[in-house]
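A quick write-up on the structure given underneath.
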Amino acid sequence: MRDILNEIIAHKRYEIERQKRSISYTSLERQVADCSLPVYSLKEALLRSDTGIIAEFKRRSPSKGWINQHADAVEVTGGYEKAGAAALSVLTDLAYFGGRLDDLQQVAAQASIPVMRKEFIVDEYQILQARLAGASAILLIAAALTVEESFRLTRFAKQLGLEVLLELHDERETGHIAPENDIIGVNNRNLGSFVTDLEKSSKMARLLPKDAVRVSESGISNPETVTALRKAGYLGFLIGENFMKQANPGAGLAKFIEGIKSGKGGMGR
């Protein structure tokens, strides 16, 4: 099976260079210097939450195709927030996920909880964009970056007041963890093959810094899984497709949270 991650990253670098010709890096820097949009702490939101759900907005994926092609970002994420999401994640990649930077900007403008830019970030330019769009956090994917790039982009985001969710896929990527990385995710899905293994989060837990807020990503579709992962030390759970494939994603999240609180996914930390 083709390695979709390498394909996406190659396309992303080309895309960024085109964007820089339209709006220069220097221009974005000047705009960020004047930016006063509020920032909400993802880490604190997860520490305070009883469920730790980071509810994701995405229209499609390379493996599943269109999940919810005509979904409205503001409507869906508003439903997520009302249902009790700890934070929001908005995919902004157009070519492979059907997302737009405008989605992020519109969601952040109406949200009162942290909003993360879910993107294949390989350049500081994208982090400047995230800040200007109103994001409170960004995702960095270790598999898409060298260790030096991961450290540099983490520190750049922190300088802008943004938090970073560093996503790992296996034990070989633990070297990407910089001292500044205090929110660390484990993606249960292989980005090359799309195979999902929920045991990955449990196996990786012992390798992560004890003081980091841990987030499990992908393949979570029932409250019982949240229970098991909380026992393994996870406080955050990035869930998108499970809700987005439903007619009313917000209602789907509300039912999921009800299942957790009713004992189908007990709350013990």
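In full-length UniProt numbering, the protein residues as written are 1 to 269.
Ideal placement from N, C-alpha and C gives every residue a C-beta, glycine not left out.
The C-beta of Q69 has fewer than 16 other C-beta atoms within 10 Å across all chains shown, which makes the residue exposed. By a beta-carbon distance limit of 8 Å, F237 contacts I220. Their separation comes to about 5 Å. The three-state secondary structure of V215, taken from DSSP, is strand. The beta-bridge partner set that DSSP reports for Y234 consists of R214. Non-local beta-carbon contacts of H169 in its own chain, meaning distances under 6 Å to residues more than five positions away in sequence, involve A143 and N187 in chain order.
Listed in chain order, the non-local C-beta contacts of S63 below 7 Å within the same chain comprise F194, local neighbours out to five positions each way being set aside. Taking every protein chain shown into account, the CB of P38 has fewer than 16 other CB atoms within 10 angstroms, so this residue is exposed. In the structure shown, the three-state DSSP call for T196 is strand.
By the neighbour-count criterion, in which 16 or more other beta carbons inside 10 Å mark a residue as buried, R48 falls on the exposed side. Going by beta carbons, A109 and G134 fall inside the 9 Å limit. Secondary structure at N187: strand, using DSSP grouped into helix, strand and coil. Contact between A86 and A111 fails: their C-beta atoms lie close to 12 Å from each other, not under 8 Å. DSSP, read as helix, strand or coil, puts L139 in strand.
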